[in-house]
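So for the sequence shown, our numbering puts the first residue at 333; every next one is plus one.
A virtual CB, placed ideally from N, CA and C, is assigned to each residue, including glycine.
Predicted model, so just to flag it, every value in this text is computed and none were measured.
The structure appears right after this line, and notes come after that.
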Amino acid sequence: MLRLIPAALHRTGYRLAHAVRRRWWRATKAKLTGCRVLAFDAAGHLLLIRHSYGSGNWMLPGGGIARREDPLAAARRELAEETGLTLERPLCIAVVDEPLYGTTNRVHLFTGRAQGMLVIDGREIIEAAFFAPDSLPPALSPALARGLRDWLRAAQ
333 MLRLIPAALH
343 RTGYRLAHAV
353 RRRWWRATKA
363 KLTGCRVLAF
373 DAAGHLLLIR
383 HSYGSGNWML
393 PGGGIARRED
403 PLAAARRELA
413 EETGLTLERP
423 LCIAVVDEPL
433 YGTTNRVHLF
443 TGRAQGMLVI
453 DGREIIEAAF
463 FAPDSLPPAL
473 SPALARGLRD
483 WLRAAQ
């Protein structure tokens with residue numbers, strides 16, 4: 333049904349919803365729970381994505397964990413929704429608390445092998461690519477830049 337909305341309008345909707353969400357988190361100090369995935373291809377390259385909303389920086393696939401949702405199930409769901417890929421041999425490598433728009437986001441980090449064909453919707457996700465760990469794009473999200481070295485070590 334959402335495919336009936338033109339992509340440009342859909343991206344605008346994501347940006348507006350994200351702005352409202354940020355204000356809500358800041359006002360309520362809601363405790364957030366999320367997940368991120370360090371997904372590697374067969375060559376050991378790391379998958380990064382860029383959203384149509386937010387900073388525009390490269391980041392790991394992931395998102396929110398629903399109430400009573402298993403963190404691994406959420407990580408698999410988010411990876412599939414954002415990239416069309418499945419996660420093989422998943423392993424939780426860390427749980428970190430990060431500041432996010434005036435509140436705290438408890439993030440479950442998973443790693444594993446990405447399987448399938450990389451497909452993005454051009455609406456929520458505007459770009460996705462695999463990068464060699466020693467040749468990452470310069471515009472990484474600050475949270476990713478802070479933790480990536482340790483997370484890559486833990487993923488090995």
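Problem set entry | Backbone CA spacing between Arg355 and Tyr433 [nearest angstrom] | Taking the first residue of the sequence shown as position 1, residue 355 is located at position 23. Taking the first residue of the sequence shown as position 1, residue 433 is located at position 101. Cα atoms of Arg355 and Tyr433: separation of roughly 8 Å, rounded to the nearest angstrom.
Exercise. Looking only at C-alpha atoms, which of Leu441, Gly396 and Ala461 sits nearest to Gly416?
Worked result: Stepping through the sequence shown from its first residue, residue 416 is reached at position 84. Proximity to Gly416 across Leu441, Gly396 and Ala461 peaks at Ala461, based on C-alpha coordinates.
Problem set entry | Strand pairing of His377, partner residues [DSSP] | As a working mapping, residue 377 is identified with position 45 in the sequence shown. Paired residues: none, contrary to the question.
Problem set entry | Segment contact, 8 Å Cβ cut-off, at least three pairs: the segment 454–471 with the segment 374–389 | Flag = yes, the segment 454–471 and the segment 374–389 touch.
Exercise. What is the residue span of the alpha helix (DSSP H) that Gly479 lies within?
Worked result: Translated into positions along the sequence shown, residue 479 becomes position 147. Gly479 -> alpha helix (DSSP H) spans Pro474 to Ala487.
Problem set entry | Thr365 versus His383: straight-line alpha-carbon distance, rounded | Position 33 of the sequence shown, counting from 1, holds the residue named residue 365. Position 51 of the sequence shown, counting from 1, holds the residue named residue 383. Going by the C-alpha atoms only, they are around 19 Å apart.
Exercise. How about Ala446 and Ala340: do their beta carbons lie closer than 8 Å?
Worked result: Walking along the sequence shown from the start, residue 446 turns up at place 114. Walking along the sequence shown from the start, residue 340 turns up at place 8. Contact check for Ala446 against Ala340 fails: the beta carbons are separated by 8 Å or more.
Exercise. Enumerated in chain order, which unbroken segments of the beta strand (DSSP E) with a length of 3 residues or greater are wholly contained in the segment 354–438?
Worked result: Look at the segment 354–438 and you find these whole runs of beta strand (DSSP E), each 3 residues long or longer: 363–372, 378–383, 394–396 and 418–432.
Exercise. So, helix, strand or coil for Leu468, using DSSP?
Worked result: Looking up residue 468 in the sequence shown gives position 136. DSSP places Leu468 in coil when its eight states are reduced to three.
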